[in-house]
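J.:
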Amino acid sequence: MGQRVAGKVAIVVGAGQTPGLTAGNGRATAVLLAREGARVLAADRDLAAAEETVTEIAAEGGEAVAVRADVTDEDAIAAMTAACLERWGRIDILHNNVGVSIAGGDAPITEIEADAFARITAINLQGMVLTCKHAIPVMREQGGGVITNISSIAADINYPYVAYRTSKAGVVTLTEHIAITNAAHGIRANAILPGLMDTPMAIENRVGRGGVTREQVIAERNAHVPLRNTMGTAWDVARAALFLASDEASFITGVALAVDGGQRLAVG
Numbered sequence: 001m002g003q004r005v006a007g008k009v010a011i012v013v014g015a016g017q018t019p020g021l022t023a024g025n026g027r028a029t030a031v032l033l034a035r036e037g038a039r040v041l042a043a044d045r046d047l048a049a050a051e052e053t054v055t056e057i058a059a060e061g062g063e064a065v066a067v068r069a070d071v072t073d074e075d076a077i078a079a080m081t082a083a084c085l086e087r088w089g090r091i092d093i094l095h096n097n098v099g100v101s102i103a104g105g106d107a108p109i110t111e112i113e114a115d116a117f118a119r120i121t122a123i124n125l126q127g128m129v130l131t132c133k134h135a136i137p138v139m140r141e142q143g144g145g146v147i148t149n150i151s152s153i154a155a156d157i158n159y160p161y162v163a164y165r166t167s168k169a170g171v172v173t174l175t176e177h178i179a180i181t182n183a184a185h186g187i188r189a190n191a192i193l194p195g196l197m198d199t200p201m202a203i204e205n206r207v208g209r210g211g212v213t214r215e216q217v218i219a220e221r222n223a224h225v226p227l228r229n230t231m232g233t234a235w236d237v238a239r240a241a242l243f244l245a246s247d248e249a250s251f252i253t254g255v256a257l258a259v260d261g262g263q264r265l266a267v268g
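First residue of the sequence shown: 1, per my numbering; consecutive thereafter.
1) So who's on the other strand from glycine 232, going by DSSP bridges?
2) What's the C-alpha gap between glutamate 111 and methionine 139?
3) Expressed to the nearest angstrom, what Euclidean distance is found between the alpha-carbon atoms of lysine 168 and glycine 254?
4) Where alanine 43 and arginine 68 are concerned, what is the direct C-alpha to C-alpha distance, given to the nearest angstrom?
5) Can you round the beta-carbon distance between glutamate 56 and valine 31 to whole angstroms, since I take them to be within the 8 Å contact cut?
6) Should aspartate 115 go down as buried or exposed, given a rule of 16 or more other Cβ atoms within 10 Å for buried?
7) Is it the case that the stretch 239 to 250 contacts the stretch 196 to 211, given that we only count it when at least three CB pairs across the two stretches are under 8 Å?
8) Please state whether the Cβ-Cβ distance between glycine 98 and glycine 170 is less than 7 Å.
9) Taking the alpha carbon of alanine 241 as the reference point, which residue from Arg228, Gly261, Ile150 has its own alpha carbon closest?
10) Out of Glu36, Ala48, Asn124, state which residue places its alpha-carbon closest to the alpha-carbon of alanine 3.
11) Measuring only the C-alpha atoms, how far is asparagine 279 from leucine 21?
12) Looking at the secondary structure, which residues open and close the beta strand (DSSP E) in which arginine 39 lies?
13) So what does DSSP say about asparagine 182, is it helix, strand or coil?
14) What's the gap between the Cα of arginine 221 and the Cα of threonine 81?
15) Short of 6 Å in beta carbon distance, which residues of its chain neighbour aspartate 260, apart from the five on each side in sequence? Order them along the chain.
16) Cα separation between glycine 143 and asparagine 25?
17) What number of angstroms, rounded off, separates the C-alpha of threonine 213 from the C-alpha of alanine 223?
18) Can you tell me where the beta strand (DSSP E) with threonine 148 in it begins and where it stops?
19) Classify valine 138 as helix, strand or coil using the three-state DSSP reduction.
20) Report the three-state DSSP secondary structure of histidine 95 (helix, strand or coil).
21) Which two residues bound the contiguous beta strand (DSSP E) that contains leucine 257?
22) Taking C-alpha atoms, which residue in Ala189, Leu47, Glu215 lies nearest to serine 250?
23) For proline 160, which residues from the same chain have a beta carbon less than 7 Å from its beta carbon, with the 5 sequence-adjacent residues on both sides left out?
24) Counting along the chain, where does the alpha helix (DSSP H) carrying arginine 214 start and finish?
25) Could you tell me the boundaries of the alpha helix (DSSP H) in which arginine 68 lies?
26) Look at the alpha carbon of lysine 8 and the alpha carbon of alanine 256, and state the distance between them as a whole number of angstroms.
27) According to DSSP, is valine 129 helix, strand or coil?
28) Given that a residue counts as buried once 16 or more other Cβ atoms are within 10 Å of its Cβ, and exposed if not, what is asparagine 158?
29) Are alanine 38 and valine 54 close, meaning C-beta to C-beta below 7 Å?
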C-alpha cells in the first residue's frame with residue numbers, strides 16, 4: 001500500500017465495469033486510489049459490479065464500500081453523497097468516470113435519434129454536473145478537494161459519433177468552469193482525455209458488429225496509436241488520476257490531460 005492519497009476519502013463514480021477480459025477505467029482508478037491509502041466509495045448503477053471492485057480492494061487490505069448510483073437520477077446522487085459523509089465525514093476526491101457512446105445509440109449527426117442524443121448527454125455530461133453540484137458544497141465547507149472528470153480524446157479528433165464527442169467536449173468546459181469558480185475555495189478540477197484504451201467498454205461493444213472479431217477490433221485500434229502501435233490500458237488512466245488527486249499536483253487545476261499515446265498529434 002502506498003501513501004500518495006493516504007487518509008483521503010474518494011468517491012469513484014462508475015467504479016464498476018462491463019464484463020470483459022481487462023480492467024475498466026473506473027475499477028482500476030478505485031483500486032489504485034485504495035492502494036495509495038484512500039478510503040473509497042465505489043458507486044455504480046450496477047451494484048454487483050461496484051461490489052466486485054470493493055472485493056478486489058478489500059483483498060489487498062484497502063477500505064471501500066459499494067453503493068448503487070445512477071447519474072441520471074439526482075436523488076441517487078444526493079444519497080451517494082450522503083452515504084459518503086455518513087461513513088467518513090468528508091469528500092476529498094470526486095472521480096467522475098461514467099460515459100457511454102455506441103451502447104447508448106450514438107450515431108453520425110445525420111442519423112442520430114433525439115432520444116439517443118438526450119440519453120447520452122444526460123449520462124456523459126449532466127451526470128457530472130449533478131455529482132459536482134452535490135460534492136462541491138462539501139468540499140467548500142471543508143476547505144478544499146479534488147475533482148477529476150473523465151472526458152475523451154474524441155473531443156479533439158475526428159470522432160464519427162456526435163453525442164459522445166459533443167458531450168465529452170462539454171466535460172472539458174465544465175471542468176474549466178469548476179476550476180476557476182472554485183479555486184478560491186481550494187478546490188482543484190481537472191479532466192483526463194483517454195485515447196484508445198483496451199477496456200471492456202471500448203472492446204466488447206465493438207466485437208461482432210459487422211462480423212468483426214475481438215482480434216480485429218484490437219488490431220484496428222492499435223494501428224491508430226502512434227506510441228508503439230499499442231492501446232493504453234485502464235491503469236494508464238488510473239495512474240494519471242492518482243497523480244491529479246495527489247499533492248504532487250497541488251498547483252494544477254483546469255487542465256485537460258490527454259492520455260492517448262500521441263493520437264491527437266497524428267490527426268490529419
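Cβ coordinates follow ideal geometry from the N, Cα and C atoms, glycine included.
T.: Taking the geometry as given:
1) As a working note, residue 232 is residue 232 in the sequence shown. For glycine 232, which the question treats as bridged, DSSP gives the partners Met197.
2) Position 111 of the sequence shown, counted from the start, is the residue given in the question as residue 111. Position 139 of the sequence shown, counted from the start, is the residue given in the question as residue 139. If you take the alpha carbons of glutamate 111 and methionine 139, they lie about 42 Å apart.
3) Position 168 of the sequence shown holds residue 168. Position 254 of the sequence shown holds residue 254. So the alpha carbons of these two residues sit roughly 15 Å apart.
4) Start at 1 with the first residue of the sequence shown, and residue 43 comes out as number 43. Start at 1 with the first residue of the sequence shown, and residue 68 comes out as number 68. Whole-angstrom Cα-Cα distance: 6 Å.
5) Translated into positions along the sequence shown, residue 56 becomes position 56. Translated into positions along the sequence shown, residue 31 becomes position 31. Correct: roughly 6 Å between the Cβ atoms.
6) If you number the sequence shown from 1, residue 115 lands on position 115. With fewer than 16 other Cβ atoms within 10 Å, it is exposed.
7) Remark: fewer than three beta-carbon pairs, one from each stretch, lie closer than 8 Å, so the stretch 196 to 211 and the stretch 239 to 250 are not flagged as touching.
8) Residue mapping note: residue 98 aligns to position 98 of the sequence shown, counting from 1. Residue mapping note: residue 170 aligns to position 170 of the sequence shown, counting from 1. The question names glycine, yet the displayed sequence has valine at residue 98. No, these two residues do not count as a Cβ contact at 7 Å.
9) Residue 241 sits at position 241 when you count from the first residue of the sequence shown. If we check each option's Cα against that of alanine 241, Ile150 comes out closest.
10) Taking the first residue of the sequence shown as 1, we reach residue 3 at position 3. Sequence inspection shows glutamine at residue 3; the alanine mentioned does not correspond to that position. Scanning Glu36, Ala48, Asn124 for the CA closest to the CA of glutamine 3 turns up Glu36.
11) Outside the shown range of the chain (1 to 268) lies residue 279, about which nothing can therefore be said.
12) As a working mapping, residue 39 is identified with position 39 in the sequence shown. From DSSP, the beta strand (DSSP E) with arginine 39 extends over 39 to 44.
13) On the sequence shown, residue 182 is found 182 positions in, with the first residue counted as 1. Note: asparagine 182 maps to helix in three-state DSSP.
14) Here residue 221 refers to the residue found at position 221 when the sequence shown is read from its first residue. Here residue 81 refers to the residue found at position 81 when the sequence shown is read from its first residue. In a straight line, the C-alpha of arginine 221 is about 37 Å away from that of threonine 81.
15) Counted from its first residue, the sequence shown places residue 260 at position 260. Cβ neighbours of aspartate 260 beyond the five flanking positions: Ile153, Gly195.
16) As a working mapping, residue 143 is identified with position 143 in the sequence shown. As a working mapping, residue 25 is identified with position 25 in the sequence shown. Asparagine 25 has its alpha-carbon roughly 28 Å from the corresponding atom of glycine 143.
17) Within the sequence shown, numbered from 1, the residue matching residue 213 stands at position 213. Within the sequence shown, numbered from 1, the residue matching residue 223 stands at position 223. When the Cα atoms are used, threonine 213 and alanine 223 turn out to be separated by approximately 16 Å.
18) Residue 148 sits at position 148 when you count from the first residue of the sequence shown. Counting along the chain, the unbroken beta strand (DSSP E) around threonine 148 starts and ends at 145 to 150.
19) If you number the sequence shown from 1, residue 138 lands on position 138. DSSP places valine 138 in helix when its eight states are reduced to three.
20) The residue given as residue 95 occupies position 95 in the sequence shown. Three-state DSSP puts histidine 95 in a strand.
21) Walking along the sequence shown from the start, residue 257 turns up at place 257. Leucine 257 -> beta strand (DSSP E) spans 256 to 259.
22) The sequence position of residue 250 within the sequence shown is 250, counting from 1. Of the listed residues, the one whose Cα sits closest to serine 250 is Ala189.
23) For the purposes of this step, residue 160 is taken as the residue at position 160 of the sequence shown. The beta carbon of proline 160 sits closer than 7 Å to the beta carbons of Pro108 from its chain, once the five residues preceding and following it are set aside; these are given in chain order.
24) Taking the sequence shown and counting its residues from 1, one reaches residue 214 at position 214. Segment 214 to 222, the alpha helix (DSSP H) holding arginine 214.
25) On the sequence shown, residue 68 is found 68 positions in, with the first residue counted as 1. Segment 64 to 68 is the beta strand (DSSP E) holding arginine 68; no alpha helix (DSSP H) there.
26) Translated into positions along the sequence shown, residue 8 becomes position 8. Translated into positions along the sequence shown, residue 256 becomes position 256. Each residue's alpha carbon lies about 23 Å from the other.
27) Taking the sequence shown and counting its residues from 1, one reaches residue 129 at position 129. The three-state secondary structure of valine 129, taken from DSSP, is helix.
28) Here the question's residue 158 lines up with position 158 in the sequence shown. By the Cβ neighbour-count rule, asparagine 158 is exposed, with fewer than 16 other Cβ atoms within 10 Å of its own.
29) In the sequence shown, residue 38 corresponds to position 38, counting from 1. In the sequence shown, residue 54 corresponds to position 54, counting from 1. No.
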